[in-house]
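Residue 108, in this note's numbering, is where the sequence shown stops; the numbers in between run on with no holes.
Backbone N, C-alpha and C fix where the C-beta goes; we use that ideal spot for every residue, glycine too.
What you are looking at is a predicted structure, and each value in this text was computed from that prediction instead of being measured.
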Amino acid sequence: MNDLRNLVDRDPQVRIQRTKGFSPEEISSVADWIATEHARRNVRQSRRRIREAFKSYRNERTYLKQQIKERDALLLTLKAETDAMAAVIKDIKKSYGIRVVA
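Shown next, in the form of structure tokens:
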């Protein structure tokens, strides 16, 4: 069987010469083996691409979740600062007796 597997060569003329003496069943068996190996390799590559895409998606999702947490923390800080400024301005207006006339 190993001799049959070695039939796969780059030069078609060598391949034809090497096939002499083998039965059509043996050649068919090797062809089936090559097709099966090719399909297995394609499946492995496809699974690898899917795993890499999933890993990339998971990393991006984690990154975006962290960005949202940072944004929310900054918004809370800004809200607290804005509320503090509003309280100071209200206190200044009250102490100087400033009234808004509209």
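Does DSSP classify F60 as helix, strand or coil? In the structure shown, F60 sits in a helix (DSSP, three-state: H, G or I).
Which class does S52 belong to by DSSP, given the choice of helix, strand or coil? Looking at S52 - three-state DSSP - the assignment turns out to be helix.
By how many angstroms is the C-alpha of R55 removed from the C-alpha of S62? Distance from the CA of S62 to the CA of R55, rounded to the nearest whole angstrom, comes to 10 Å.
How is R105 classed by DSSP in three states: helix, strand or coil? The three-state secondary structure of R105, taken from DSSP, is coil.
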